[in-house]
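Visitor:
2 protein chains.
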Amino acid sequence: MVAFSNLYGIILAGGAGTRFWPLSREMSPKQLLKVFGTESLIWQTIKRVLPLISQENIYIVTNSKLAEEIRINLITEKEPFDGVGYLIEPEARNTAPAIGLAAAYLSSIDEDAVMAVLPSDHLIDNADGFVAALSHGAEVARAGYLVTLGLKPTRPETGFGYIKRGPSLDKFSGSHPSFLVERFVEKPDRETAKEYVLSGDYFWNSGMFIFKASTILAEIERLMPRLYDLLIKFKELSLDEWGSERAKAIFSKAEPISIDYGVLEKSDKVAVIPTDLDWNDVGSLIALGDFLENDEWGNAVVGNVIDVESENSIIYGENRLVVTLGLEDMIVIDTHDATLVCQKDRAQDVRKVVDVLKARNANEYLVHRTMYRPWGCYTLLESGPGFKIKIIEIKPGARLSLQMHHHRSEHWVVISGTARVTRGDEIFNVHVNESTFIPPSTIHRLENPGMIPLKIIEVQNGEYLEEDDIMRTEDDYARQ
Amino acid sequence: MVAFSNLYGIILAGGAGTRFWPLSREMSPKQLLKVFGTESLIWQTIKRVLPLISQENIYIVTNSKLAEEIRINLITEKEPFDGVGYLIEPEARNTAPAIGLAAAYLSSIDEDAVMAVLPSDHLIDNADGFVAALSHGAEVARAGYLVTLGLKPTRPETGFGYIKRGPSLDKFSGSHPSFLVERFVEKPDRETAKEYVLSGDYFWNSGMFIFKASTILAEIERLMPRLYDLLIKFKELSLDEWGSERAKAIFSKAEPISIDYGVLEKSDKVAVIPTDLDWNDVGSLIALGDFLENDEWGNAVVGNVIDVESENSIIYGENRLVVTLGLEDMIVIDTHDATLVCQKDRAQDVRKVVDVLKARNANEYLVHRTMYRPWGCYTLLESGPGFKIKIIEIKPGARLSLQMHHHRSEHWVVISGTARVTRGDEIFNVHVNESTFIPPSTIHRLENPGMIPLKIIEVQNGEYLEEDDIMRTEDDYARQ
């Protein structure tokens with residue numbers, strides 16, 4: 001199998017995954033979670049397509065806030081992906097506008113472009129099966145079909161939409177049969193779902209699609225003409241301008257509907273390739289219980305947890321001690337700054353809570369206490385009126401940007417390793433058990449010249465302590 | 481009503497209250513909790529007897545570890561009690577040996593001593609009723625009876641022991657009738673408990689007793705002669721020696737049984753005074769739900785909590801965000817360093833978990849993150865290999881002891897107020913946003929000379945960071 005030169009990966013990564021709070025946060029959404037394996041879900045998604053699509057042909061569709069977080073995640077994983085491109089959605093308008101944008105862009109750089117549209121936050125255990133299906137799908141797409149990957153249902157699930165197959169597309173050879181789609185059906189009731197599973201004619205709609213950019217654009221022109229007009233206007237903008245106010249003004253007029261509803265359910269060119277991928281849509285915290293090993297009482301337990309006689313529960317502790325006693329069908333998620341306790345059958349409603357937090361502008365909605373940066377990470381230990389305390393960990397050989405803050409002073413105590421500190425015109429080393437401080441409006445840089453991680457405690461003082469009080473003069477990681 | 485000169489308060493405060501974990505800790509037991517009102521339960525207990533017993537006649541019976549914590553609590557409440565005495569139990573051997581010790585001590589200083597034995601961790605809403613009952617009880621005790629305060633049962637409780645009244649003790653006038661006790665009964669089943677409530681002849685055993693020291697000693701001599709022999713040996717020891725190895729060696733031979741079982745159930749001199757005190761034994765975390773106001777769905781909610789559609793649950797957040805969704809009959813207690821999630825009907829089993837923690841020597845068993853001291857408080861923010869970070873808050877005008885550590889250096893950053901620092905021979909002020917540090921083996925002192933609380937961040941570095949690496953040269957609070 002070789003990579004197709006005009007096959008492109010379009011990874012949809014604009015979602016917030018609020019049903020995963022408190023594991024996910026606005027700035028650390030589901031696709032960046034590492035609880036499903038040692039790498040993030042979006043990393044796993046890219047890794048999965050690499051046998052067919054080279055990094056340069058992969059584009060991540062996301063918003064401007066998340067793009068930098070995703071980029072940092074991908075370049076700091078053990079096997080870093082630093083060649084992928086980014087397409088910035090001016091704002092979140094569901095999948096039809098997002099896929100339309102990507103199609104418009106691809107068709108402008110490659111008129112034969114075939115795009116595989118993939119959610120960034122699914123789990124697929126059968127990676128080989130996925131590659132085979134994708135490869136076959138690209139062939140069918142090249143013939144002008146809008147291809148959906150259908151999943152053979154393994155249970156009468158009432159939470160997914162189904163796709164009913166129509167006549168076989170015999171003309172395509174290959175390991176996978178393919179079919180015209182007879183119709184899409186919304187989430188069925190349990191009895192109907194059972195019939196679907198038994199019939200063999202229905203497949204779960206995976207949200208994974210393959211089509212030529214030109215095909216989907218032509219169908220958007222036919223079925224969603226107002227969206228098409230907006231996409232045409234985007235042709236005047238360079239990629240850098242997609243995050244601009246002008247782009248937002250155009251894009252905000254797009255109707256926020258899904259590609260399924262806007263195009264696929266109405267088009268007569270839709271094909272389905274049935275697959276068997278050991279797939280999980282990671283739709284709610286329940287997925288954590290599916291992914292993790294369960295004990296003999298059906299509990300999935302992670303972290304510093306003491307459990308006594310619970311059953312069928314998910315108990316996840318990040319760091320602090322969690323004690324559970326006699327739980328049944330419960331989810332407990334304990335993070336540094338927030339704890340969720342919820343009945344399993346209410347897992348879908350977690351997003352309602354997150355709406356409340358968002359409305360309050362609560363920090364527990366926005367960010368995690370620990371944030372990963374290209375040079376290492378920092379953890380907020382405590383904040384209060386006029387101060388913030390962080391632990392900063394810097395990888396051997398790495399350094400932060402040369403920077404300045406207008407409103408705060410920073411006190412640094414080295415607790416392991418050796419720091420090389422630039423402060424104004426001075427450069428000096430600070431060793432373990434030593435401390436130094438940086439007055440406001442002083443250019444400074446923190447660097448780990450050593451062979452072991454450098455850990456420092458930073459105490460910030462000042463009247464304004466937000467992350468945006470930073471002027472970067474020089475940065476190894478090309479940040480602004 | 482006037483204080484009786486030979487009435488003494490014996491407050492039993494050696495218990496750990498492990499069923500209140502994680503609100504209680506070994507070094508912050510239930511009697512020091514402030515969740516039941518603005519002052520600690522032991523403070524409330526003392527406050528309640530003051531109309532009848534002066535501070536000088538009140539003795540707290542506890543172990544040597546807790547005595548200092550209790551003393552600090554009592555002298556730092558808004559209305560401080562600094563005149564009470566302390567009787568140190570050499571080790572915990574249940575109530576018969578503890579009460580025996582107290583009786584032996586009191587009889588040695590006042591041969592007419594009448595002792596009111598009171599648990600330190602109960603709630604009593606009807607304080608006037610309590611004082612009246614205690615006053616009447618003292619009169620009956622003076623006549624040679626072992627008086628128990630019985631509580632009129634308000635529900636068919638199966639968790640308490642009951643006392644059945646016998647013939648009336650007509651000879652005592654006063655607002656309260658009193659009766660000889662016919663018998664003590666163990667925790668009954670529900671049907672029996674219902675009969676008890678209906679009969680009017682049964683009362684809950686409150687654990688509050690009043691007797692002359694000489695009466696109880698005589699009964700101990702008659703019914704528990706081996707304990708009596710041990711008590712006689714204690715007469716050779718001064719109060720200061722009660723915590724000594726010699727005292728432990730004697731006391732460890734005492735059988736660990738309750739005064740109820742050892743004496744009261746066997747004696748024919750036991751009387752009961754029925755009372756109506758709006759009493760709560762604060763027996764488990766359920767008591768928190770009884771004490772706190774409940775919302776219309778039966779939830780008691782405290783702290784930074786977002787609850788969606790829970791029922792009959794206790795949700796207590798100390799500081800961090802807690803989100804609950806669809807809970808029924810649950811208890812969630814979230815503290816700085818540990819979270820408990822438990823079915824209400826398993827509340828009694830919390831102590832089993834604590835046994836596990838104790839066996840592990842877990843810090844979450846031992847102490848709270850925030851510890852109150854006479855000069856203010858400190859909170860442990862983080863610790864790791866070779867470092868600890870604390871926030872220290874010092875009251876205006878207060879100061880820590882003049883001290884030295886052999887194994888650690890301390891870095892101090894002032895985040896509010898002004899610090900006066902003694903370091904070796906120097907004395908200097910450190911203002912907000914400034915920092916200083918204390919090398920190992922350097923005499924130092926931290927002081928708040930100002931009008932507002934002084935807050936500093938302390939970063940400790942070193943190879944040994946336990947609290948016992950402290951040599952106090954001078955202390956305003958007479959600590960060693």
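Residue numbers (our numbering), protein chains in the order written: chain A, 1 to 480; chain B, 481 to 960. Where a beta carbon is used, it is the ideal one built from N, C-alpha and C, also for glycine.
Which runs of the beta strand (DSSP E) fall wholly inside the segment 513-544 of chain B and span at least 3 residues, in chain order?
Guide: As far as the segment 513-544 of chain B is concerned, its whole beta strand (DSSP E) runs of at least 3 residues are 538-542.
Visitor: What does residue 859 of chain B pair with, by DSSP beta-bridge criteria?
Guide: Answer by DSSP bridge pairing, in chain order: B:850, B:871.
Visitor: What residues are listed by DSSP as bridge partners for residue 901 of chain B?
Guide: Residue 901 of chain B pairs with B:908, B:926.
Visitor: Extract the residue ranges of the beta strand (DSSP E) inside the segment 326-366 of chain A, only unbroken runs of 3 or more that lie entirely within it.
Guide: You should have 330-334, 338-343.
Visitor: For the segment 82-145 of chain A, list the beta strand (DSSP E) runs that are entirely contained and at least 3 residues long, ordered along the chain.
Guide: If we require 3 residues or more, the beta strand (DSSP E) runs fully inside the segment 82-145 of chain A come out as 85-88, 114-119.
Visitor: Per DSSP, what kind of secondary structure is residue 73 of chain A in: helix, strand or coil?
Guide: Three-state result, residue 73 of chain A: helix.
Visitor: Going straight from the alpha carbon of residue 216 of chain A to that of residue 146 of chain A, what length do you get?
Guide: Distance between the alpha carbons of residue 216 of chain A and residue 146 of chain A is about 7 Å.
Visitor: I want to verify the contact list: residues of chain B whose CB lies under 7 Å from the CB of residue 295 of chain A, in sequence order.
Guide: Within chain B, no residue comes near residue 295 of chain A; the closest Cβ sits about 17 Å away, beyond 7 Å.
Visitor: Between which residues of its own chain and residue 137 of chain A is the CB-CB distance below 6 Å, once the five residues before and five after are set aside?
Guide: For residue 137 of chain A, where only same-chain residues beyond five positions count, the Cβ hits under 6 Å are 147, 210, 273.
Visitor: In three-state DSSP terms, what is residue 197 of chain A?
Guide: Here residue 197 of chain A sits in helix by DSSP.
Visitor: Please state whether DSSP places residue 154 of chain A in a helix, a strand or coil.
Guide: Residue 154 of chain A: coil per DSSP, three-state reduction.
Visitor: Please report the Cβ distance between residue 556 of chain A and residue 117 of chain A, rounded to the nearest whole angstrom; I am assuming they are in contact, meaning their Cβ atoms lie under 8 Å.
Guide: Chain A is shown only over 1 to 480; residue 556 of chain A falls outside these bounds and no answer can be derived.
Visitor: If you draw a straight line from the alpha carbon of residue 44 of chain A to that of residue 446 of chain A, how long is it in whole angstroms?
Guide: Roughly 32 Å between the two C-alpha positions.
Visitor: On the CB-based measure, 16 or more other CB atoms within 10 Å of its CB, does residue 422 of chain A come out buried or exposed?
Guide: Classification for residue 422 of chain A: buried.
Visitor: Assign residue 202 of chain A to one of three DSSP states: helix, strand, or coil.
Guide: Strand, per DSSP.
Visitor: Alpha carbon to alpha carbon, how far is residue 373 of chain A from residue 248 of chain A? Give it in angstroms, no decimals.
Guide: Spanning the two alpha carbons is a distance of roughly 28 Å.
Visitor: Spatial neighbours of residue 9 of chain A within its chain, please: CB distance less than 6 Å, with the 5 preceding and 5 following residues excluded, ordered by chain position.
Guide: Once the five neighbours on either side are set aside, the close Cβ partners of residue 9 of chain A are 49, 53, 58, 116.
Visitor: Report the CB separation of residue 223 of chain A from residue 266 of chain A in whole angstroms; it is logged as a contact under 8 Å.
Guide: Right, their Cβ atoms sit about 5 Å apart.
Visitor: Of all the residues that make up the segment 810-840 of chain B, which are near chain A by a beta-carbon distance shorter than 8 Å?
Guide: Those would be 810, 812, 814, 817, 818, 819, 820, 821, 822, 823, 825, 826, 829, 830, 832, 833, 836, 837, in chain order.
Visitor: Where residue 545 of chain B and residue 507 of chain B are concerned, what is the direct C-alpha to C-alpha distance, given to the nearest angstrom?
Guide: Whole-angstrom Cα-Cα distance: 8 Å.
Visitor: List the residues that DSSP assigns as beta-bridge partners of residue 951 of chain B.
Guide: B:884.
Visitor: Would you mind working out which of A:264, A:326, A:426 sits nearest residue 207 of chain A, comparing C-alpha positions?
Guide: Of the listed residues, the one whose Cα sits closest to residue 207 of chain A is A:264.
Visitor: Decide yes or no for the touch test of the segment 949-959 of chain B against the segment 910-917 of chain B: beta carbon pairs closer than 8 Å, at least 3 of them.
Guide: Short answer: they don't touch.
Visitor: Taking only the alpha-carbon atoms, compute the straight-line gap between residue 185 of chain A and residue 283 of chain A and give it to the nearest angstrom.
Guide: When rounded, the distance between both Cα atoms is 19 Å.
Visitor: What does residue 803 of chain B pair with, by DSSP beta-bridge criteria?
Guide: Per DSSP, A:340, B:786.
Visitor: With a cut-off of 8 Å, does the C-beta of residue 481 of chain B fall near any C-beta of chain A?
Guide: Note that residue 481 of chain B scores 46 on pLDDT, short of 50, meaning its location in the model is unreliable; the coordinates nonetheless yield the value given after this. Taking Cβ atoms only, chain A never reaches closer than 8 Å to residue 481 of chain B, which makes this a no.
Visitor: Of all the options B:809, B:781, B:808, which has the alpha carbon lying nearest to the alpha carbon of residue 797 of chain B?
Guide: Nearest option by C-alpha distance: B:781.
Visitor: Which one or two residues does DSSP pair with residue 751 of chain B in a beta bridge?
Guide: Beta-bridge pairing links residue 751 of chain B to B:627, B:660.
Visitor: Determine the burial state of residue 932 of chain B: buried for a count of at least 16 other Cβ atoms within 10 Å of its Cβ, exposed for fewer.
Guide: It is exposed - the Cβ of residue 932 of chain B has fewer than 16 other Cβ atoms within 10 Å.
Visitor: Could you pull the start and end residues of the beta strand (DSSP E) that residue 644 of chain B belongs to?
Guide: Element bounds for residue 644 of chain B: 642-648.
Visitor: Could you check the C-alpha separation between residue 2 of chain A and residue 51 of chain A for me, to the nearest Å?
Guide: Any reading at residue 2 of chain A must be qualified, since the residue scores a pLDDT of 48, below 50, and its modelled position is unreliable; the value itself is stated next. If you take the alpha carbons of residue 2 of chain A and residue 51 of chain A, they lie about 7 Å apart.
Visitor: With DSSP collapsed to three states, give me the class of residue 651 of chain B.
Guide: Coil at residue 651 of chain B, not helix or strand.
Visitor: Between A:29, A:370, A:198, which lies nearest to residue 335 of chain A when the distance is taken from Cα to Cα?
Guide: Closest option to residue 335 of chain A, Cα to Cα, is A:370.
Visitor: Reducing DSSP to helix, strand and coil, say where residue 228 of chain A ends up.
Guide: Note: residue 228 of chain A maps to helix in three-state DSSP.
Visitor: Residue 233 of chain A bridges to which residues according to DSSP?
Guide: Per DSSP, none; premise fails for residue 233 of chain A.
Visitor: I'd like to know if residue 437 of chain A contacts chain B, where contact means its C-beta is closer than 8 Å to some C-beta of that chain.
Guide: It does: the Cβ of residue 437 of chain A has a partner Cβ on chain B nearer than 8 Å.
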